[in-house]
Structures are given as structure tokens and as C-alpha cells.
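Engineer: For the sequence shown, numbering that gives the first Met the number 0 assigns the number 123 to the last residue and increments by one with no breaks.
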Amino acid sequence: MAHYLIFFNQQWVGDHDESWFEGRVEPATAVIREMQDQGVLVYAGGLVEELEEAASADATSGELVFTDGPFAETKEWLGGLTIVDVPDDESARRWAGRVAEGCGWPQEVRRFKAGSMQAAVLGL
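1. Does the structure place the stretch 2–15 close enough to the stretch 51–61 that three or more beta carbon pairs sit under 8 Å?
2. Have a look at the DSSP bridge pairing and note the partners of residue 4.
3. Assign residue 29 to buried or exposed, taking buried as 16 or more other Cβ atoms, counted over all protein chains shown, within 10 Å of its Cβ.
4. When DSSP labels each residue in this structure, what does residue 28 get in the three-state scheme?
5. Give the secondary structure of residue 88 by DSSP, where H, G and I count as helix, E and B as strand, and everything else as coil.
6. If you scan the stretch 18–76 from start to end, which runs of the beta strand (DSSP E) of 3 or more residues do you find wholly inside it?
7. Once the 5 residues before and after residue 100 are set aside, which same chain residues still bring their CB inside 8 Å of it?
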């Protein structure tokens, strides 16, 4: 089994009215329930959209510095993520497709490196 990150950038969501978003709750929740039932879900969640609520930590200078706001100004930023534990790329892509259908916006999927620090920290 391998761990995969399924994610979207906030800008991929598009402009929709409140009723459209309300209509996405059930389909998106159903996908998460399906992942839980299949035993592949590690984590799923959306992020706060207001970048001013972000903070960064940087130790590249040899001194740890905390800064309010995002580390770097970019055109796109992470909006949400799902981590799955599946046997192969095909399964990960299938789940990314299910998440895209449930949410109503594009998703990208990437495999975590074997033995990566993220897997160790998460106890995966």
C-alpha cells in the first residue's frame, strides 16, 4: 500500500453561489464515507480560505522565524486535501476522480515518497 495526496488549489473551485456549495455537501460527504467504508481514508479536510489567517515558520537562516500570513505570495494556494492509503496509482486516480465528482472541482493526486518524513510523522 502507498499513501497519496489528493488536493485542490482554492482557485480551482470557481465562483458559485451559496446554494451551489450547499448542493455539494452530500455528494462530497458520500465520497468520504465511501473511503471510510473501504478503509482507504487517512485524512480529509478543507482549509480556511482567508490567507491572512495563515502563518509560516522558516529556519533556513539557522534561526527559526515565524511570520503572519503565507510564506510566499503566489497566484494559487492550497484549498483542501485528502490522504488515502491505496495499493497503486490507478486506485489513487480513481479516488481523486471520485473526490472531484463529489466536490465539483478539479483535484490533483500525487504519491508520497516511500519512507518520507510525512509518513513517519503520521505513523503510516
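The C-beta atom is built at its ideal place from N, Cα and C for all residues, glycine as well. Every value quoted in this text rests on a predicted model; they were computed, and no experiment measured them.
Structural biologist: Quick look at the numbers:
1. no
2. 82 and 109
3. exposed
4. helix
5. helix
6. 40–45, 54–57 and 64–67
7. 26 and 30
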